[in-house]
Amino acid sequence: MSDEPDSVEPVDANVTAPLHPSNTGSGYLRLFVNIDHVATLRQARRGQEPDPIDAALLAERCGADGITAHLREDRRHIQDADIRQLAERITSRLNLECAATSEMLALAEAIRPQEVTLVPERREEVTTEGGLAVRRHVTLLADSVTRLKRAGVRSSLFIDPDPDDIRCAADLGADAIELHTGTYAHHPNDPATLAALRDATDLGRSLGLAVHAGHGLTVFNVGPVAAIDGIEELNIGHSIISRAIFLGLAHAVREVRDAMDLARARPS
Ligand code: PXP
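Going by the working numbering, the first residue of the sequence shown is number -12, and it counts up by one from there.
Written as structure tokens, this is what we have:
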């Protein structure tokens, strides 16, 4: 992308070029940066800045392998126009997070992001609080996955690290699962929270699912999750955007990328 926005902070000339999954080794862990909270700040004034598209372009240049954005039904942060712009302008991969509603699926079919992660959504929640109740919504989720497949969009289901939910996600035909790391993030020193993610990853992989993870991850707690062999992709948002206020977005993305690479380089 040559028409770089001039409103973003300058980036060092030696910034690593964006890494694309197609030219990375099997042990490589992709970082998807969630830019929702750039839009949260913009929506506080319903104005133009800060622009989440600028943030996405900068994150790509600083080591993000993809951009994640959650179009919520109440449009509290990301807007439909943002999703269209992201699909047109980013050069990595777009992961659209959304609820499995007919409105969202129609948008995904029209825009065809590389990936859609289906998430539960409750209007009163502050953020996505738990994984999908996959076993309660088998028909709805199976139909959603089928629609996405027909549109050529990779489907991922955001679920808790629960063996029955993982088996159900595989039966539904999803391409991937994203493991909810919230319990680990709240209790990082409880070995059971990490063990649950490890076991869930092994089970998911054995059933042919790609395994992603995210929620509540930070530069300080990402290491043990990044070290889990078999996880392919992490989605990280709130902490990166929070630290960007003090450090700049380029630094905030790079430090997470570095922490992930360091964890992968070490035997777990
Ligand atoms: N993955 C999913 C499915 C999410 O809903 C969210 C939050 O929007 C994230 C990852 C990122 O979580 P956080 O903002 O806590 O890094």
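Using N, Cα and C, we set each Cβ at its ideal position, and we do this for glycine too.
Item to check | Whole-number beta carbon distance between V240 and G53, since they are thought to touch under 8 Å | outcome: Taking the first residue of the sequence shown as position 1, residue 53 is located at position 66. Taking the first residue of the sequence shown as position 1, residue 240 is located at position 253. Actually they are not in contact, since the Cβ atoms of G53 and V240 sit about 12 Å apart, beyond 8 Å.
Item to check | Closer than 7 Å: L204 CB and nearest the ligand PXP heavy atom | outcome: The residue you call residue 204 lines up with position 217 of the sequence shown. Yes, the Cβ of L204 comes within 7 Å of a heavy atom of the ligand PXP.
Checklist entry - Between which two residues does the alpha helix (DSSP H) carrying S79 extend? => result By one-based count along the sequence shown, residue 79 stands at place 92. Per DSSP, S79 is not a residue of any alpha helix (DSSP H), being assigned neither H nor E.
Checklist entry - So V125 is in the alpha helix (DSSP H); what residue range does that whole segment cover? => result The sequence position of residue 125 within the sequence shown is 138, counting from 1. Per DSSP, the unbroken alpha helix (DSSP H) holding V125 starts and ends at 125 to 137.
Next on the checklist: Is H64 close to chain B? Criterion is C-beta to C-beta, closer than 8 Å.
Outcome noted: Checking the listed chains, one finds no chain B in this structure; it contains a single protein chain.
Checklist entry - Alpha carbon to alpha carbon, what distance is there between A138 and E256? => result Since the displayed the chain opens at -12 and closes at 255, residue 256 lies outside it and no answer follows.
Checklist entry - Is S226 near the ligand ATP, going by C-beta to nearest heavy atom under 7 Å? => result As presented, the structure is devoid of the ligand ATP, carrying the ligand PXP as its sole ligands.
Next on the checklist: Do H173 and V106 have their beta-carbon atoms positioned less than 8 Å apart in this structure?
Outcome noted: Start at 1 with the first residue of the sequence shown, and residue 106 comes out as number 119. Start at 1 with the first residue of the sequence shown, and residue 173 comes out as number 186. Not in contact: V106 and H173 (Cβ atoms no closer than 8 Å).
Next on the checklist: Going by DSSP in three states, E102 sits in which element: helix, strand or coil?
Outcome noted: Here residue 102 refers to the residue found at position 115 when the sequence shown is read from its first residue. Reduced to three states, the DSSP call for E102 is strand.
Item to check | Residues near P211 by beta carbon distance below 6 Å, same chain, minus five either side | outcome: By one-based count along the sequence shown, residue 211 stands at place 224. Closer than 6 Å at the Cβ level, and outside the excluded window around P211, lie L181.
Next on the checklist: So, for L236: in the same chain, excluding its five sequence neighbours on each side, which residues have a beta-carbon less than 8 Å away from its beta-carbon?
Outcome noted: Locating residue 236 in the sequence shown gives position 249, counting from the first residue. If you ignore the 5 residues before and after L236, its C-beta comes within less than 8 Å of the C-beta of V(-5), E(-4), A42, L45, A46, C49, I227, I228, all in its own chain and listed in chain order.
Checklist entry - Can you tell which of E102, L234, K136, G191 has its C-alpha closest to the C-alpha of I215? => result Within the sequence shown, the letter at position 228 stands for residue 215. It is G191.
Next on the checklist: Under DSSP, the beta strand (DSSP E) around I164 begins and ends at which residues?
Outcome noted: Working through the sequence shown from its first residue, we reach residue 164 at position 177. DSSP places I164 inside the beta strand (DSSP E), whose first and last residues are 163 to 167.
Checklist entry - Taking all protein chains shown into account, do 16 or more other C-beta atoms lie within 10 angstroms of the C-beta of D158, making it buried, or fewer, making it exposed? => result For the purposes of this step, residue 158 is taken as residue 171 along the sequence shown, with counting starting at 1. Taking all protein chains shown into account, D158 has fewer than 16 neighbouring C-beta atoms within 10 Å of its C-beta and is therefore exposed.
Checklist entry - Just how far apart, CA to CA, sit T88 and L196? => result Position 101 of the sequence shown, counted from the start, is the residue given in the question as residue 88. Position 209 of the sequence shown, counted from the start, is the residue given in the question as residue 196. In a straight line, the C-alpha of T88 is about 23 Å away from that of L196.
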